[in-house]
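Following my numbering, the numbering of the sequence shown begins with 29 at its first residue and continues without gaps. We put the CB at the ideal spot given by N, CA and C, even for glycine. Input: a single structure, listed below in structure tokens.
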Amino acid sequence: MYKIMPMPKRFSAEIVYFCHMSIVKAKKSLGQHFLRDQNIARKITDSLLPLTREVLEIGPGMGVLTRHLFANPAFSVRAIDIDRESIEYLHQELPEFRDRILYGDFLKTDIEAFYQEPFSVIGNLPYNISSQIFFRIIEKRHLVSQVVCMIQKEVAERIAAPSGSKTYGILSVLLQTFYHIEYLFTVGEKVFDPPPKVKSAVIRLTRNERQELGCNEKLFFLVVKTGFNQRRKTLRNSIRGLLPPGFDSNYLNQRPEQLSIPDFLQLCAEIENSAAKINVVTQ
Ligand code: SAH
């Protein structure tokens, strides 16, 4: 005699959940790891400060954050995903927000076509292109007031690293130049489907006061990138090719991780002044 057991509640919820999961198949090439913990989803969307009304979600996937965002009357939300299947799923699930759920590549989208006023960015980012996303955000910093995002834990630590630490690098300097960085919390692998191989972390970036750099921006980016590309060398060696003849500075005796952001800016201003003097003399 078999006894029919009532299905435990937890189990039935899981079945419903997995039915949903089968609708959008996770694609590795698009960095898809779907968050399946509602409490963490809520914690992420609650981390968004009401600094702007406009919010853009990068990579909504199956909408775990998107649903919370649309439910918040403080925000006017758009979401953009490169995966057509995710977009079709979201259009079906959230038909009232159809016009706000866009199919496209964030890296190639003309952001100014949507936003003339400052907005905030949120997303559980595709880890394989998170650096490219940050470089794009730096480019558009006049429009991006805030970023709340989940990324690979190591990348989050690097972005938040202070000068002098081993993980301080290009992204730390460039992002910290324009944003105040907060490491909010760490997220384990198990709350994703499929689980990523690495731990994750949520960080918040808010635009700081810095408007003027006091030196040429291209030169600053170039010095930072060139210096860190050979981080074991002193700047005298690594950025030699960028220096005007006869230029010297105390900063050149140091390695890039020893320079704070004001130090990098000061060094670039010195390079620029020296180059200008040479131009005056040779003209
Ligand atoms: N927010 C969802 C999905 C995170 S996975 C969740 O938390 O569960 C990352 C998402 O980014 C995927 O849906 C993927 O399709 C999308 N994505 C990857 N590259 C993208 C790009 N260049 N532009 C926009 N979305 C992208």
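Under three-state DSSP, which class holds residue i?
i, result
"residue 208", "strand"
"residue 50", "Unreliable placement is indicated for residue 50, whose pLDDT of 48 sits below 50; the coordinate value is still reported in the next sentence. DSSP places residue 50 in coil when its eight states are reduced to three."
"residue 164", "helix"
"residue 313", "Nothing can be reported for residue 313, as the shown portion of the chain is limited to 29 through 311."
"residue 306", "helix"
"residue 235", "strand"
"residue 189", "coil"
"residue 197", "coil"
"residue 297", "helix"
"residue 267", "coil"
"residue 91", "coil"
"residue 285", "helix"
"residue 122", "coil"
"residue 98", "helix"
"residue 156", "helix"
"residue 244", "coil"
"residue 277", "coil"
"residue 135", "coil"
"residue 254", "helix"
"residue 56", "helix"
"residue 290", "helix"
"residue 103", "coil"
"residue 143", "coil"
Which residues share a DSSP beta bridge with residue i?
i, result
"residue 130", "108"
"residue 214", "229"
"residue 220", "63"
"residue 344", "Lying before the first or after the last residue shown, residue 344 is absent from the chain, which here runs from 29 to 311."
"residue 180", "228"
Practice prompt. Could you say if the stretch 201 to 210 and the stretch 260 to 273 meet the contact criterion of at least three C-beta pairs nearer than 8 Å?
Written response: no
Practice prompt. Pair every Cβ in the stretch 142 to 155 with every Cβ in the stretch 173 to 184, then say whether three or more of these pairs are closer than 8 Å.
Written response: yes
Practice prompt. Count the CB pairs spanning the stretch 248 to 258 and the stretch 222 to 229 that are closer than 8 Å, and state whether there are at least three.
Written response: no
Worksheet item: Below 8 Å, can you find three or more Cβ-Cβ pairs linking the stretch 124 to 136 to the stretch 62 to 70?
Response: no
Fill in: At least 3 beta-carbon pairs within less than 8 Å: the stretch 137 to 145 vs the stretch 111 to 121
no
Worksheet item: Can you find at least 3 beta carbon pairs, one from the stretch 183 to 199 and one from the stretch 99 to 106, that sit closer than 8 Å?
Response: no
Practice prompt. Check whether the stretch 236 to 256 touches the stretch 282 to 300, taking contact to mean three or more Cβ pairs, one atom from each stretch, closer than 8 Å.
Written response: yes
Item to complete: Examine the Cβ distances between the stretch 162 to 175 and the stretch 213 to 221 and report whether three or more of them are shorter than 8 Å.
Response: no
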